[in-house]
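Asks: Numbering (this note's numbering), first residue to last: -6 to 149.
Using N, Cα and C, we set each Cβ at its ideal position, and we do this for glycine too.
Owing to the predicted nature of the structure, the values given are computational and were not obtained by experimental measurement.
Have a look at this one.
Laid out in structure tokens, this is it:
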């Protein structure tokens, strides 16, 4: 006599879409940007007001020139106190980081997370045709991870 299965019909396994989740899917497109001529005090006000830790510095053509961060602003405060100089005179161009590393919007979120770990950066600008189109932060990568299902980095 044969063995009879009482499990019933089994559901079909859902085929996974192997499309990687890209940086461009989670990057911030509406950015608060700064100009090189802008006073550092104004930047500090905007950073506090919008609860951000830094932002890209662009010219009139939206080309990336650098990044200004809370740390850069604190350097300015420290320098003005040390030299007993007024704070209002300093502009962004003097204190921004000019050597800015960018990443490709088509990069996978997993590769972006790895890049954050390797470089110890908090944000990466994304350029298209030399113009700033967005920015990805560590928080954006964490948001992507929370929306994913399962233990893998693929969109399901």
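#1: Determine the direct distance from the alpha carbon of residue 130 to that of residue 114, and round the result to whole angstroms.
#2: Between the C-alpha atoms of residue 52 and residue 138, what's the straight-line distance to the nearest angstrom?
#3: Unbroken alpha helix (DSSP H) runs of length 4 or more, entirely within the region 38 to 83: which are they?
#4: Determine whether the beta carbon atoms of residue 109 and residue 94 lie at a separation below 8 Å.
#5: Distance, Cα to Cα, residue 85 vs residue 37?
#6: Where does the unbroken beta strand (DSSP E) through residue 103 begin, and where does it stop?
#7: Closest to residue 60 by CA distance: which of 97, 29, 82, 134 is it?
#8: Going by beta carbon distance, what residues of the same chain come within less than 6 Å of residue 45, once the five residues before and after it are set aside?
#9: In this structure, how does DSSP classify residue 15 when only helix, strand and coil are distinguished?
#10: In whole angstroms, give me the CA-to-CA distance for residue 56 and residue 16.
#11: Report the three-state DSSP secondary structure of residue 128 (helix, strand or coil).
#12: Write down the C-beta distance between residue 41 and residue 88 rounded to the nearest angstrom, noting that I regard them as a contact closer than 8 Å.
#13: List the residues that DSSP assigns as beta-bridge partners of residue 117.
Replies: Result, derived from the coordinates:
#1: 9 Å
#2: 33 Å
#3: 63 to 75
#4: no
#5: 10 Å
#6: Careful: residue 103 lies outside any beta strand (DSSP E), inside the alpha helix (DSSP H) at 102 to 112.
#7: 29
#8: none
#9: strand
#10: 20 Å
#11: strand
#12: Between residue 88 and residue 41 the Cβ distance is about 16 Å, and since that is not below 8 Å, they are no contact.
#13: 129
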